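Enquirer:
Protein chains: 2
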Amino acid sequence: MKIAYLGPSGSFTHNVALHAFPAADLLPFENITEVIKAYESKQVCFAIVPVENSIEGSVHETFDYLFHQAKIEAVAEIILPIKQQLMSTSADKVIETIFSHPQAIAQGKQYIRSHYPDVKIEMTASTAYAARFVAEHPEENYAAIAPYAAADEYHLSIIAKDIQEIDENYTRFWVLGDETPTIHLKAEDQKISLALTLPDNLPGALYKALSTFAWRGIDLTKIESRPLKTILGEYFFIIDFENHNEKLVSFALEELTSIGIHYKILGKYAVYRL
Amino acid sequence: MKIAYLGPSGSFTHNVALHAFPAADLLPFENITEVIKAYESKQVCFAIVPVENSIEGSVHETFDYLFHQAKIEAVAEIILPIKQQLMSTSADKVIETIFSHPQAIAQGKQYIRSHYPDVKIEMTASTAYAARFVAEHPEENYAAIAPYAAADEYHLSIIAKDIQEIDENYTRFWVLGDETPTIHLKAEDQKISLALTLPDNLPGALYKALSTFAWRGIDLTKIESRPLKTILGEYFFIIDFENHNEKLVSFALEELTSIGIHYKILGKYAVYRL
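Taken in order, these protein sequences are the chains called F and R.
Each residue of the first sequence is one higher than the last, beginning at 128 in the numbering used here.
Each residue of the second sequence is one higher than the last, beginning at 128 in the numbering used here.
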């Protein structure tokens with residue numbers, strides 16, 4: 128079975144893929160759009176992408192592509208604790224430039240400021256890409272912020288451990304596909320994610336949409352607006368809620384439709400934690 | 128009068144600062160946090176930062192700093208149409224690498240894919256920084272995506288005009304300070320922005336918060352969640368609404384407090400359009 132993930136090797140998404148599908152053939156892709164396109168062109172059975180970090184928030188590329196372009200749903204969610212390591216080609220390297228993904232840079236900002244106030248920061252497309260780039264330039268005074276898996280993958284030495292500012296740092300990943308995958312972990316919860324588009328402007332319509340869930344006692348676990356990419360102030364809304372009573376949920380969805388609120392199901396999935 | 132803005136010279140924020148405060152002494156700072164800190168350390172009277180783009184969404188660094196750390200409010204809002212230009216040190220340059228801010232890269236993605244499918248993309252901290260970097264390396268096959276003002280500032284030639292995907296592309300900028308500035312433009316609207324923290328989990332509390340505005344007929348123009356940076360699924364909410372009836376708004380704010388919802392005022396401001 129082939130599975131696409133946000134690469135390169137050694138990325139957090141790779142780590143999730145290895146745990147969820149230890150026997151599968153895992154194929155790295157360069158960005159989130161390419162990962163989802165690999166599924167759409169039937170190169171793979173499932174695609175794994177990050178959706179939200181507890182500190183930095185949603186991964187907009189994922190939600191925007193799923194809402195605007197994709198015909199694919201989340202069929203499983205996997206939550207991974209995020210630990211960031213500072214690494215280089217040797218443990219005693221004098222560091223002049225640090226490479227990493229903007230979110231990892233943000234998460235390690237206080238550490239960098241206090242230990243490397245004059246260092247140059249370079250943004251990369253992913254943490255694992257930063258690690259690979261540093262490994263390819265052993266003659267330079269480069270370091271990367273990346274996960275342990277990337278240090279293993281690219282034979283880098285850890286200079287500082289767990290430099291992320293906040294210990295409670297988790298990322299949600301979605302397995303996208305058209306059937307429920309067999310994942311050898313214990314499911315913690317059942318959830319549904321929708322993208323809502325409202326018939327007229329706020330607050331009336333959003334208030335009605337929330338009423339649909341509130342009076343049925345269906346707990347939302349997330350609500351977020353994203354620009355519709357039309358004019359300033361027009362949004363679609365991502366909501367996540369518990370899928371504990373399928374009948375109640377199907378009534379709520381029917382009611383949304385009947386009051387003129389359009390929704391796109393982004394996923395119905397079990398939630399697993401690594 | 129000194130005013131801090133998100134630099135370098137030639138940035139969109141610089142453009143806004145020049146229009147809003149043509150006679151002021153404008154000081155560029157490297158990132159949003161430094162711009163706000165310049166105000167906090169009393170180096171400047173006002174600080175100008177971007178807050179939201181109609182395509183890419185909110186500027187998280189601005190909202191997160193204002194919510195978590197700053198004691199400063201928005202006292203004016205300025206809306207700027209965003210046009211992105213591809214520029215280099217000469218108009219007939221063979222382009223191998225394109226530098227720009229991730230949002231500008233996202234806005235020009237389709238143009239880049241169709242005209243420069245094999246080009247290398249490098250992310251920079253701002254569009255103007257990309258333009259400056261390209262100007263500093265005339266011997267390289269570099270180009271930048273940046274505003275016209277940056278081409279002027281760094282003497283670059285325009286290779287392609289208005290490469291942004293969607294014509295309706297606007298960015299909101301906030302003037303932060305402690306008094307209402309004199310801006311020689313016509314105010315279009317009066318608004319208030321709040322950050323709400325809810326006493327317990329969704330949907331009950333958010334639903335109640337929205338009710339406070341909905342039944343008074345106060346129109347929200349934005350609602351967005353941002354992670355509280357504690358655990359996954361805990362958020363604060365940014366809401367914007369019309370400030371057309373001060374008495375009604377003050378009743379709504381009192382009611383929020385009385386039902387246990389905390390709010391921080393992010394700004395009370397007139398809205399101007401360039």
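We treat Cβ as the ideally placed atom computed from N, Cα and C, and that holds for glycine.
As the structure is a computational prediction, the values presented were derived from the model and not from experiment.
Check for me: the alpha helix (DSSP H) holding F:SER338 runs from which residue to which?
Expert: From DSSP, the alpha helix (DSSP H) with F:SER338 extends over 331-341.
Enquirer: Looking at the strands, I want to know which residues DSSP matches up with F:LYS391.
Expert: Looking at the DSSP assignment, F:LYS391 forms a beta bridge with F:ALA322.
Enquirer: Mind listing the chain F neighbours of R:GLU267? Cutoff is C-beta to C-beta under 8 Å, in chain order.
Expert: Within chain F, no residue comes near R:GLU267; the closest Cβ sits about 16 Å away, beyond 8 Å.
Enquirer: Is any beta-carbon of chain A found at less than 7 Å from that of R:ARG259?
Expert: Here chain A cannot be found, since the structure's protein chains are F and R.
Enquirer: Quick one: what's got a C-beta closer than 8 Å to R:ILE232's C-beta in the same chain, skipping five residues either side?
Expert: ILE225, ILE239, ILE248, MET250, ILE272, listed in sequence order.
Enquirer: Taking all protein chains shown into account, decide if R:ALA174 is buried (16 or more other Cβ within 10 angstroms of its Cβ) or exposed.
Expert: The residue in question, R:ALA174, is buried, as its Cβ has 16 or more Cβ neighbours within 10 Å.
Enquirer: Tell me, please, which residues DSSP counts as bridged to R:ILE175.
Expert: For R:ILE175, which the question treats as bridged, DSSP gives the partners R:TYR132, R:VAL302.
Enquirer: How is R:LYS210 classed by DSSP in three states: helix, strand or coil?
Expert: Residue state, collapsed to three classes: coil.
Enquirer: Can you tell me where the beta strand (DSSP E) with F:PRO229 in it begins and where it stops?
Expert: Taken as a continuous stretch (DSSP letters only), F:PRO229 belongs to no beta strand (DSSP E), being part of the alpha helix (DSSP H) at 229-234.
Enquirer: According to DSSP, is F:TYR269 part of a helix, a strand, or is it coil?
Expert: In the structure shown, F:TYR269 sits in a strand (DSSP, three-state: E or B).
Enquirer: Among F:THR357, F:LEU355, F:VAL302, F:LEU375, which one has its Cα closest to the Cα of F:LEU153?
Expert: When only C-alpha atoms are compared, the closest one is F:VAL302.
Enquirer: Considering R:LEU154, what are the terminal residues of the beta strand (DSSP E) in which it resides?
Expert: Its beta strand (DSSP E) spans residues 152-156.
Enquirer: What are the start and end residues of the beta strand (DSSP E) that includes R:THR216?
Expert: From DSSP, R:THR216 is part of no beta strand (DSSP E); its letter is neither H nor E.
Enquirer: Name the residues in the stretch 334-358 of chain R whose C-beta lies less than 8 Å from a C-beta of chain F; which are they?
Expert: Against chain F - using a Cβ distance shorter than 8 Å - the residues of the stretch 334-358 of chain R are TYR334, LEU337, SER338, PHE340, ALA341, ILE345, ASP346, LEU347, THR348, LYS349, ILE350, GLU351, SER352, ARG353, PRO354, LYS356, THR357, ILE358.
Enquirer: For R:GLY344, does the count of other Cβ atoms within 10 angstroms reach 16, so buried, or fall short, so exposed?
Expert: The residue is exposed, with fewer than 16 neighbouring Cβ atoms inside 10 Å.
Enquirer: Name the chain R residues that come within less than 7 Å of F:GLY184, Cβ to Cβ?
Expert: Within chain R, the residues near F:GLY184 are HIS187, ARG353, PRO354.
Enquirer: Helix, strand or coil: which one does DSSP assign to F:THR357?
Expert: F:THR357: coil per DSSP, three-state reduction.
Enquirer: On the DSSP bridge assignment, give the partners of R:GLN317 in chain order.
Expert: R:GLN317 pairs with R:ALA397.
Enquirer: Using alpha carbons as the reference points, say which of F:LEU323, F:ARG400, F:THR189, F:GLY137 lies closest to F:GLU161.
Expert: Closest by alpha carbon: F:THR189.
Enquirer: List, in chain order, every chain F residue whose beta-carbon is nearer than 7 Å to that of R:MET250.
Expert: Simply MET250.
Enquirer: Residue range of the beta strand (DSSP E) that R:ILE365 falls in?
Expert: Note, R:ILE365: beta strand (DSSP E), 362-369.
Enquirer: CB R:GLU315 to CB R:ARG400, shorter than 7 Å?
Expert: Yes.
Enquirer: Where DSSP assigns a beta bridge to F:SER352, which residues make up the other side?
Expert: According to DSSP, F:SER352 bridges with F:PHE364.
Enquirer: Here's a check: name, in chain order, each residue in its chain whose Cβ is nearer than 7 Å to the Cβ of F:LEU375, leaving out the five neighbours to either side.
Expert: So the qualifying residues of the chain are ARG343, ILE345.
Enquirer: Give the residues from the stretch 170-182 of chain F that approach chain R closer than 9 Å (Cβ to any Cβ), ordered along the chain.
Expert: Residues GLU179, ASN180, SER181, ILE182.
Enquirer: Could you tell me the boundaries of the alpha helix (DSSP H) in which R:ILE159 lies?
Expert: Per DSSP, R:ILE159 belongs to the alpha helix (DSSP H) from 159-167.
Enquirer: In chain R, which residues lie with their C-beta within 8 Å of the C-beta of F:ARG240?
Expert: Ordered by position in chain R, no residue passes the 8 Å Cβ test against F:ARG240, which lies about 11 Å from the chain.
Enquirer: Under three-state DSSP, which class holds F:ILE239?
Expert: It is helical.
Enquirer: Apart from the five residues just before and just after F:ILE159, which ones in its own chain have a Cβ nearer than 8 Å to its Cβ?
Expert: Counting only Cβ-Cβ distances below 8 Å, and skipping sequence neighbours, we find LEU133, VAL176, PRO177, VAL186, GLU188, THR189, TYR192.
Enquirer: Which residues in the same chain as R:PRO208 place their Cβ atom closer than 6 Å to its Cβ, once the five residues preceding and following it in sequence are excluded?
Expert: Contacts found: TYR297.
Enquirer: In chain F, what lies closer than 9 Å to R:ARG299 by C-beta?
Expert: Correct list: LEU359.
Enquirer: Starting from R:ILE304, find everything on chain F with Cβ-Cβ shorter than 9 Å and list it in chain order.
Expert: The residue you asked about is not Ile; residue 304 of chain R is Gly in the sequence shown. Under the 9 Å cutoff, chain F gives no residues; its nearest Cβ is about 23 Å from R:GLY304.
Enquirer: Have a look at F:PHE363 and R:GLU267 and give me their C-alpha separation to the nearest angstrom.
Expert: Cα to Cα, the separation comes out at about 42 Å.
Enquirer: In angstroms, rounded to a whole number, what distance separates the CA positions of R:GLU306 and R:ALA147?
Expert: Whole-angstrom Cα-Cα distance: 15 Å.
Enquirer: Going along the chain, which residues of its own chain have a beta-carbon closer than 7 Å to the beta-carbon of R:ILE358, five neighbours each way excluded?
Expert: Correct list: empty, nothing qualifies.
Enquirer: Near R:ALA257, what residues of its chain come up, given a Cβ to Cβ distance below 6 Å and the 5 sequence neighbours on each side ignored?
Expert: Contacts found: PHE226, SER227, THR251, ALA271, ALA273.
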